[in-house]
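One structure is given here, and the rest of the page talks about it.
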Amino acid sequence: MSAPLVVSIPHRLGREEAVRRLKTGLGRAAASIPVMQVEEESWSGDTLAFRVRALGQVATGQVHVGDDQVRVEVVLPWLLQRFAEMAQATIRKRGQLLLTKDGGK
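Per our numbering: the sequence shown = residues 7 to 111.
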């Protein structure tokens, strides 16, 4: 098993508002990536566990929402690891858009 891809995204929204924005915005963000499909999404408190399918491969991960940052951890299967840098940049960019003061609207 490979090490997880980790992205930390700082925010100034507070935990409750960050969770609210992620709950409403993650589906829209995922839908905008045509090669990816969300298969499972389960919130437990401030943590989201998810499973996505991309290019016929399954990746799993968690989103941990803190008071001032969101930490995304994704375990990519071997065949998707070549896309790790692109995935990391996309997660960071879309996360920042959702978690800025004007984002998420």
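The beta carbon of each residue, even a glycine, is placed where N, CA and C say it ideally should be. All values derive from a computational prediction rather than experimental measurement.
Endpoints, the beta strand (DSSP E) within which residue i is located
{"i": "ARG27", "result": "Here ARG27 belongs to no beta strand (DSSP E); instead the alpha helix (DSSP H) covers 21-37."}
{"i": "GLY67", "result": "63-71"}
{"i": "LEU11", "result": "11-16"}
{"i": "GLN43", "result": "42-50"}
{"i": "LEU85", "result": "Per DSSP, LEU85 belongs to no beta strand (DSSP E) and is neither H nor E."}
Cβ pair residue i, residue j closer than 8 Å
{"i": "PHE56", "j": "VAL71", "result": "no"}
{"i": "GLU79", "j": "VAL12", "result": "yes"}
{"i": "ALA35", "j": "LEU104", "result": "yes"}
{"i": "LEU54", "j": "LEU28", "result": "yes"}
{"i": "GLN94", "j": "ILE15", "result": "no"}
{"i": "HIS17", "j": "ASP74", "result": "yes"}
Through-space distance from residue j to residue i, alpha-carbon basis
{"i": "GLY20", "j": "ALA60", "result": "31 Å"}
{"i": "ALA9", "j": "ARG88", "result": "13 Å"}
{"i": "GLU47", "j": "ALA65", "result": "12 Å"}
{"i": "GLY67", "j": "LYS107", "result": "26 Å"}
{"i": "ILE39", "j": "THR30", "result": "16 Å"}
Continuous alpha helix (DSSP H) stretch holding residue i: start and end
{"i": "ARG100", "result": "90-105"}
Beta-bridge pairing of residue i - partner residues as DSSP gives them
{"i": "GLN75", "result": "PRO16"}
Nearest-angstrom Cβ-Cβ length linking residue i and residue j, presumed shorter than 8 Å
{"i": "VAL76", "j": "VAL69", "result": "6 Å"}
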